[in-house]
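**Q** Numbered according to the working numbering, the sequence shown spans residues -3 to 147.
What follows is a single structure, and I will ask about it in a moment.
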Amino acid sequence: MISDLLLPDPLRAHLMKEARNAFPRECCGFVEGTVSGAHARATALHATRNLAVEPDRFEIDPAVQFALLRRFRGAERGIIGCYHSHPNGRPGPSARDCVAAVEEDFLWLIAAFDEKACETATVTAFVSTGHAFSPVRIESPSLDRFEAPPL
Ligand SMILES: [Zn+2]
């Protein structure tokens, strides 16, 4: 079971931006990466259209899901999870998310949009255990420290 996730800072920033752009609707998509034992590593995000009509839910286009699964079949990297945003600002999975979490050991990233702060979203991660979730620790290595500080 996945217990921690390496989510590079640019990917986290991208997710927060997507949540902001979709507001007041939910954004959604897939997380590409690798899993080694309890350690997951995100390498890319694949945004998908949100087919849901209601503003407070998401529905990923199944055609996109199948295309991605096909593309990564047999590859070292694969689809390790999905992501969506919570425009209501709640950082944890909703009751509806639990119903949808049928696939075990599948990562769920949630970008909880903070309406008051307007510019920020908190990213949390969970792993589905079959209609339930357990929290996943996120590590976001910044790329800044490898660059020279601004003058
Ligand atoms: Zn949700």
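Backbone N, C-alpha and C define an ideal beta-carbon position, used for all residues, glycine too.
Which one or two residues does DSSP pair with R67 in a beta bridge?
**A** To locate residue 67, count along the sequence shown from 1; it is residue 71. DSSP, once it has assigned bridges, lists no residue as partnering R67.
**Q** Only counting the same chain, and skipping five residues up and downstream in sequence, which positions put a Cβ closer than 8 Å to that of H127?
**A** Position 131 of the sequence shown, counted from the start, is the residue given in the question as residue 127. C94, V95, A97 and V98, listed in sequence order.
**Q** Less than 7 Å between the beta carbons of L103 and I76, yes or no?
**A** Indexing the sequence shown from 1 puts residue 103 at position 107. Indexing the sequence shown from 1 puts residue 76 at position 80. Taking 7 Å as the Cβ cut-off, L103 and I76 qualify as a contacting pair.
**Q** Between which two residues does the alpha helix (DSSP H) holding E14 run?
**A** Translated into positions along the sequence shown, residue 14 becomes position 18. Unbroken alpha helix (DSSP H) run through E14: D5 to A18.
**Q** Please specify which runs of the beta strand (DSSP E), each continuous and at least 3 residues long, are wholly inside the region 89 to 131, giving them in chain order.
**A** Complete beta strand (DSSP E) runs here, min 3: 102 to 109 and 117 to 124.
**Q** Would you mind reading off the limits of the beta strand (DSSP E) that contains G25?
**A** Counting from one through the sequence shown, the residue named residue 25 turns up at place 29. Looking at the DSSP string, the run of the beta strand (DSSP E) that includes G25 is C24 to S32.
**Q** With a threshold of 16 other CB atoms inside 10 Å of the CB of E143, please say whether the residue is buried or exposed.
**A** Here residue 143 refers to the residue found at position 147 of the sequence shown. Because the pLDDT of E143 is 43, which lies under 50, any placement of that residue in the model is unreliable, and the number read from its coordinates should be weighed accordingly. E143 should be labelled exposed.
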